[in-house]
Amino acid sequence: MAFTLTLVILIIYHELLTGSNSVELLSRKYLTDGERLKTFQQGNENSQRRINFQSSLKRQAFLNSAMKKSNHSARYGINQFSDLSPQQFRERYLTVWNETAPKFDPSMSGIQVKMNYPPKFDWRDHGVVGPVRNQESTKLKLVKEADYPFEDKAGICQYFPQSHAGVAVRNYSAYDFSGHEEVMMSVLVESGPLVVIVDAISWQDYLGGIIQHHCSSHNANHAVLMTGYDTTGEVPYWIVRNSWGTSWGDDGYAYIKIGNDMCGIADNVAAVLV
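Below is the structure:
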């Protein structure tokens, strides 16, 4: 599957450069997934979408070439965001996060750290992780299911007045674990899935594999759910569930290298205490 997708991207990229086909024909020829296929019609907006799509293909080819040279497993390619410019992607799906969590201090945190955690762990195996949802461009995070039931279809967003209480989480801890990612493993196993704020600017084209580069630790802009980790392979990684639907990433999930605070994954970490 990965080889086929890479080959498709290279063929599309070549045809775009040689001008042998239009983006409309290429999109119909290669994009068969209903969620990923977007038609490109006449008009100013769709002309810009064609330009964005072409730019995405070039960017994806560059990223995949860089990953191959570095012998890294991360893969980048066509998805539901391929007709958006990077600026449009940021404006619609990311939110600047200015709050910072207190730096983790083992002597003052009150967290009981156990260093005998298993080499791999995933809360999905224990039936406590819900399905991948698609927040679309609502930027909505915590809301009661009864107030806003999920519907997997196009529609009009529901807006709540400022007086709406939303969801209050009273018993939780939040820390900056940068430099202490081994402690995060213990907290994850003992407390449950963790909410982490990451830099997801470079996630626009992500299809799967372990993210090891092209990720900043200084631009927090997106909340995801950390469900597990795996340290048994050559590159240890975190397992995170995103909220952009199952057509993004690996069925809605991403894998982030453990160590070096990749994507700022350890900077803002929250655990609900039950």
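Residue numbers for the sequence shown, in mature numbering (1 follows the signal peptide of the UniProt record, and there is no 0): -22 to -1, 1 to 252.
Note that beta-carbon positions come from the ideal geometry of N, C-alpha and C, so glycine has one too.
The model shown is predicted, which means the values in this text are computed figures rather than measured ones.
1. Whole angstroms is fine: what's the gap from Asn199's alpha carbon to Ile243's?
2. Name the residue from Gly211, Gln38 and Gly170 whose alpha carbon lies nearest to the alpha carbon of Asp103.
3. Assess, as a yes-or-no matter, whether the stretch 155 to 172 is touched by the stretch 65 to 72 under the definition of 3 or more beta carbon pairs within less than 8 Å.
4. Nearest-angstrom Cα distance between Met162 and Tyr231?
5. Is Phe155 buried or exposed, if buried means 16 or more other CB atoms sit within 10 Å of its CB?
6. What first and last residue would you give for the beta strand (DSSP E) that runs through Met240?
7. Below 8 Å, can you find three or more Cβ-Cβ pairs linking the stretch 32 to 47 to the stretch 202 to 215?
8. For Asn149, count neighbouring C-beta atoms within 10 Å of its own C-beta (all shown protein chains included) and say buried if the count is 16 or more, exposed if not.
9. Quick check on this structure: which residue in Leu62, Ile189, Val74 and Phe31 has the alpha carbon closest to the alpha carbon of residue 259?
10. So, helix, strand or coil for Phe82, using DSSP?
11. Looking at Phe99 and Tyr153, is the spacing between their C-beta atoms short of 7 Å?
12. Under the DSSP definition of a beta bridge, which residues are partnered with Ile217?
13. With a threshold of 16 other CB atoms inside 10 Å of the CB of Pro97, please say whether the residue is buried or exposed.
14. Beta-carbon within less than 7 Å of Glu159's beta-carbon, same chain only, minus the 5 sequence neighbours each way: which residues are those?
15. Look at the Cβ atom of Asn197, then the Cβ atom of Asp183, and state whether they are nearer than 7 Å.
16. Would Ile175 pass as a contact of Asn220 if the rule is Cβ separation under 7 Å?
17. Thinking Ser164 and Met93 are a contact (beta carbons under 8 Å), I'd like their distance in whole angstroms, please.
This is what the structure gives:
1. Rounded to whole angstroms, the gap between the alpha carbons of Asn199 and Ile243 is 11 Å.
2. Measuring from the Cα of Asp103, the nearest candidate turns out to be Gly170.
3. Contact fails: fewer than three Cβ-Cβ distances are below 8 Å.
4. So the two alpha carbons sit approximately 19 Å from each other.
5. Note on Phe155: 16 or more other CB atoms within 10 angstroms of its CB, so buried under the neighbour-count rule.
6. Met240 -> no beta strand (DSSP E), and no H or E assigned at all.
7. Fewer than three beta-carbon pairs drawn from the stretch 32 to 47 and the stretch 202 to 215 are found closer than 8 Å, and the two stretches are therefore not classed as touching.
8. Flag for Asn149 reads exposed.
9. This structure gives no information on residue 259, because the portion of the chain shown stretches from -22 to 252.
10. Residue state, collapsed to three classes: coil.
11. No, Cβ-Cβ distance for Tyr153 and Phe99 is not below 7 Å.
12. Under the DSSP definition of a beta bridge, Ile217 partners with Gly206 and Tyr233.
13. It is exposed - the Cβ of Pro97 has fewer than 16 other Cβ atoms within 10 Å.
14. Taking Glu159 as the centre and dropping the five residues before and after it, the same chain places the C-beta of Ile236, Gly237 and Ala244 closer than 7 Å to its C-beta, in chain order.
15. Taking 7 Å as the cut-off, the beta carbon of Asn197 is found no closer than this to the beta carbon of Asp183.
16. No, the Cβ-Cβ distance between Ile175 and Asn220 is not below 7 Å.
17. 7 Å between Cβ atoms; contact.
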